[in-house]
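Below is one structure, written out as structure tokens; comments come after it.
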Amino acid sequence: MTQLNHRATSATTTSLGAQDCLTLQNTTATIPLLGFGTYKIRGQTCTTAVLAALLAGYSHIDSAALYRNEVCVYEAIEQSGVPREAIFLTTKVGSPRRMAGQGDVYQDVVETVDRIAGVDGDYRQRLWAAMEMVKRKGRAKSIGVSNFRVRHLEELKEYATEWPPSANQIELHPWCQQRDVVTYCQDHGIVIEAYSPLATGTRLNDPEVQRVASKHNKTPAKILIRYSLQKGWIPLPKSSNPGRIQENIMVFDFALDLDDMMALDALDEGPAGAVFRMNVD
Numbered sequence: 001m002t003q004l005n006h007r008a009t010s011a012t013t014t015s016l017g018a019q020d021c022l023t024l025q026n027t028t029a030t031i032p033l034l035g036f037g038t039y040k041i042r043g044q045t046c047t048t049a050v051l052a053a054l055l056a057g058y059s060h061i062d063s064a065a066l067y068r069n070e071v072c073v074y075e076a077i078e079q080s081g082v083p084r085e086a087i088f089l090t091t092k093v094g095s096p097r098r099m100a101g102q103g104d105v106y107q108d109v110v111e112t113v114d115r116i117a118g119v120d121g122d123y124r125q126r127l128w129a130a131m132e133m134v135k136r137k138g139r140a141k142s143i144g145v146s147n148f149r150v151r152h153l154e155e156l157k158e159y160a161t162e163w164p165p166s167a168n169q170i171e172l173h174p175w176c177q178q179r180d181v182v183t184y185c186q187d188h189g190i191v192i193e194a195y196s197p198l199a200t201g202t203r204l205n206d207p208e209v210q211r212v213a214s215k216h217n218k219t220p221a222k223i224l225i226r227y228s229l230q231k232g233w234i235p236l237p238k239s240s241n242p243g244r245i246q247e248n249i250m251v252f253d254f255a256l257d258l259d260d261m262m263a264l265d266a267l268d269e270g271p272a273g274a275v276f277r278m279n280v281d
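Throughout the sequence shown, residue numbering follows my numbering, covering 1 to 281 in sequence.
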């Protein structure tokens, strides 16, 4: 396993591996370069999908209280036989009270998602203080944020005892690159996690993506995941299809060249390109 800094994956190199990790600030924990997302996957379907991901070699699983599938994720971990300490587990909370129902289960990173309109700074401050306490008590190895814009990160700096946050999980793919947030996070050593790196599959037929995929003899999904990796982001692709779960981790045997990266960079549409528009405005 190789430990990298938060910019290291920008190189067009095939030396990256599924078990390689990025360093996180304010903790001894490291985070794997590729994660498995579980948004909108519930019940036995979720357990089966997470189990397939773990058996395929994923060591980073992303969940959230809002997803209502955390129990299913834990069941898959138990069934897999993979030691808990070998798995990086993320959850996201919108209220300090949600932490109370998690028993003795610890998280590798807990992220707050309350940055949306209608949630004021005072609430975010109380939530962050609660998360700092959760970490001090050993219930989380690291704490981060999700969907935070630059202004929210600057606000956090004003009241946080622990700053910067270890990670910021935001929507990222060629059509929604959030360059101001990405630059800010990179400048402050905040690891960037990319949810919806496949744009929920709605752009897989984009001519430019198809061209690059044909050039490398890879699927469009693999091209988009590899793009995220080379941007220095941690992609969190999701699927409930065992075959696709396996395919999506097989992105470490090729690299996109500079022309490929520039072509995909040129697809950026700003907020209009987001799948979840409310999270980027």
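Cβ atoms here follow ideal geometry from the backbone N, Cα and C, with glycine treated the same way.
Check: Helix or strand or just coil, what does DSSP make of R193?
Finding: For the purposes of this step, residue 193 is identified with residue 193 of the sequence shown, where counting begins at 1. Here residue 193 is Glu; the residue named in the question, Arg, does not match the sequence. DSSP places E193 in strand when its eight states are reduced to three.
Item checked: G37 - DSSP class collapsed to helix/strand/coil -> Along the sequence shown, read from residue 1 onward, the residue named residue 37 stands at position 37. Correct three-state label for G37: strand.
Next item on the list: At 4 residues or longer, and completely inside the region 51-105: list those alpha helix (DSSP H) runs for me, N to C.
Entry: Listed in chain order, the alpha helix (DSSP H) elements of length 4 or more contained wholly in the region 51-105 are 70-80.
Checklist line | Reduced DSSP category for I116 - H, G, I as helix; E, B as strand; rest coil | finding: Within the sequence shown, residue 116 is the residue found at index 116, counting from 1. Confidence is the limiting factor: at I116 the pLDDT is only 46, short of 50, which leaves the residue's position unreliable, though a coordinate-based value still follows. Coil at I116, not helix or strand.
Check: What three-state label does DSSP hand S15 in the structure shown?
Finding: The residue you call residue 15 lines up with position 15 of the sequence shown. Here S15 sits in coil by DSSP.
Notebook entry, point to check: How many Å lie between M262 and V209 at the Cα?
Noted result: Sequence index remark: in the sequence shown, residue 262 carries index 262 (1-based). Sequence index remark: in the sequence shown, residue 209 carries index 209 (1-based). M262 and V209: Cα-Cα distance of roughly 12 angstroms.
Notebook entry, point to check: Taking DSSP as the reference, what is the three-state secondary structure of N205?
Noted result: Here the question's residue 205 lines up with position 205 in the sequence shown. N205: coil per DSSP, three-state reduction.
Checklist line | beta-carbon Q177 near the ligand HEM non-hydrogen atom, thresh 6 angstroms | finding: Judged by which ligands are present, the structure shown has none, so any question about the ligand HEM falls away.
Check: What's the call for V150, buried or exposed, on a 16-neighbour Cβ count within 10 Å?
Finding: Translated into positions along the sequence shown, residue 150 becomes position 150. The residue is exposed, with fewer than 16 neighbouring Cβ atoms inside 10 Å.
Margin query: Give me the residue from R179, Y184 and S240 with the minimum Cα distance to D157.
Written below: The residue you call residue 157 lines up with position 157 of the sequence shown. A small correction: the amino acid at residue 157 is Lys; Asp does not occupy that position in the sequence shown. Of R179, Y184 and S240, the residue nearest in Cα terms is Y184.
Notebook entry, point to check: How about S59 and P83: do their beta carbons lie closer than 7 angstroms?
Noted result: Locating residue 59 in the sequence shown gives position 59, counting from the first residue. Locating residue 83 in the sequence shown gives position 83, counting from the first residue. For S59 and P83, no; Cβs fall outside 7 angstroms.
Next item on the list: Pull up the distance between the alpha-carbon of A129 and that of A213, whole angstroms please.
Entry: Residue mapping note: residue 129 aligns to position 129 of the sequence shown, counting from 1. Residue mapping note: residue 213 aligns to position 213 of the sequence shown, counting from 1. Distance between the alpha carbons of A129 and A213 is about 45 angstroms.
Notebook entry, point to check: Secondary structure at L224, three-state DSSP: helix, strand or coil?
Noted result: Looking up residue 224 in the sequence shown gives position 224. Taken through DSSP and simplified to helix, strand or coil, L224 comes out as helix.
Note to self: When you compare the region 170-182 with the region 262-274, are there three or more beta-carbon pairs, one atom per stretch, that lie closer than 8 angstroms?
What the structure shows: Note that the region 170-182 touches the region 262-274; at least 3 beta-carbon pairs, one per stretch, sit closer than 8 angstroms.
Item checked: Distance between beta carbons of I225 and P207, contact taken as under 8 angstroms -> Translated into the one-based positions of the sequence shown, residue 207 becomes position 207. Translated into the one-based positions of the sequence shown, residue 225 becomes position 225. I225 and P207 do not touch by the CB rule: their CB atoms are close to 19 angstroms apart, not below 8 angstroms.
Notebook entry, point to check: Whose C-alpha, out of Q186, G138, W163 and L256, is nearest the C-alpha of N217?
Noted result: The count along the sequence shown starts at 1 and reaches residue 217 at position 217. Distance from the Cα of N217 is smallest, within the candidate group Q186, G138, W163 and L256, for L256.
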